[in-house]
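Residue numbers (this note's numbering): 95 to 376.
The structure appears below as structure tokens.
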Ligand code: AMP
């Protein structure tokens with residue numbers, strides 16, 4: 095695996111590959127890799143000739159400075175995992191490399207309501223920062239395909255929208271959520287859960303699985319009410335629990351109103367924000 099810290103070195107190799115019609119697959123991450131990230135690398139490996147992974151803990155998408163400083167960093171382990179999956183290139187830029195002083199890298203796109211609810215409402219500025227870095231990385235790597243996790247459902251919907259606005263023809267491949275054996279969605283933040291909270295955290299996926307079953311026979315209102323009742327636990331704090339259209343990320347009030355519905359939720363347990371979602375139908 096080749097490791098590049100500088101854009102120009104990375105682009106030199108990518109341009110050479112592109113001239114030989116090599117299909118480039120790109121997996122952007124913030125590191126602290128787990129099986130969820132690795133599933134994206136595997137998907138890229140299967141359908142592309144050259145697999146590029148980036149690890150960059152993007153400061154502009156953290157609205158909470160404490161959250162940024164305690165974000166787990168496990169670079170040596172990450173490199174070993176990537177080598178094991180036969181990743182071709184790791185792009186490991188510095189903050190100055192991504193955000194140089196002499197160019198405007200701010201996000202020019204307005205995503206409207208889809209970025210204002212759920213994560214957008216609870217983490218002001220988060221999606222601007224995320225869009226800023228993904229746009230920059232897309233322009234640097236110019237991949238044929240970008241691989242993103244369903245785990246961050248709202249994020250990948252916004253990236254899809256942004257790529258339309260950017261008029262680039264990179265294909266976005268959404269990969270399924272990888273879960274722990276007990277159902278908890280894998281996340282770099284799970285390491286911060288105490289053993290008791292780790293056990294309790296299964297309540298989130300259980301609630302979503304039950305809601306999906308309930309949605310086969312009940313009204314949306316009833317599905318939501320039962321789910322919120324289940325999550326009404328003294329050690330859980332629900333940031334949001336929304337049933338939205340999977341493409342427009344607009345809340346729906348009746349399953350009849352859409353052809354694609356997904357439940358998105360974030361629950362805080364012991365102060366750790368845990369995101370999860372489930373596609374009901376699409
Ligand atoms: P992050 O490093 O958290 O920014 O995530 C990088 C990519 O990995 C994003 O596209 C995430 O959606 C994806 N990802 C994170 N956790 C999982 C998971 N449990 N299953 C599948 N993809 C995931």
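Glycine is no exception: its CB is placed at the ideal position from the N, C-alpha and C atoms.
Under DSSP, the beta-bridge partners assigned to residue 373 are 356. For residue 254, the three-state secondary structure derived from DSSP is helix. If you draw a straight line from the Cα of residue 365 to the Cα of residue 167, it comes to about 20 Å. Going by DSSP, residue 122 is part of the beta strand (DSSP E) stretching over 118-123. A distance below 6 Å between beta-carbons, with the five flanking residues on each side excluded, links residue 367 to the following residues of its chain, in chain order: 360. Between the C-alpha atoms of residue 197 and residue 190 there is a straight-line separation of about 11 Å.
Runs of the alpha helix (DSSP H) spanning 4 or more residues and lying entirely within the segment 108-177 occur at 129-141 and 159-163, in chain order.
Judged by DSSP in its simplified three-state form, residue 367 adopts strand.
By the neighbour-count definition (other C-beta atoms within 10 Å, threshold 16), residue 176 is a buried residue.
With fewer than 16 other Cβ atoms inside 10 Å of its own Cβ, residue 218 counts as exposed. Per the CB criterion, closer than 6 Å to any heavy atom of the ligand AMP, the qualifying residues run in chain order as 123, 124, 130, 131, 133, 134, 242, 243, 245, 246, 269, 271, 272, 279, 280, 281 and 282. For residue 299, the enclosing alpha helix (DSSP H) starts and ends at 296-308.
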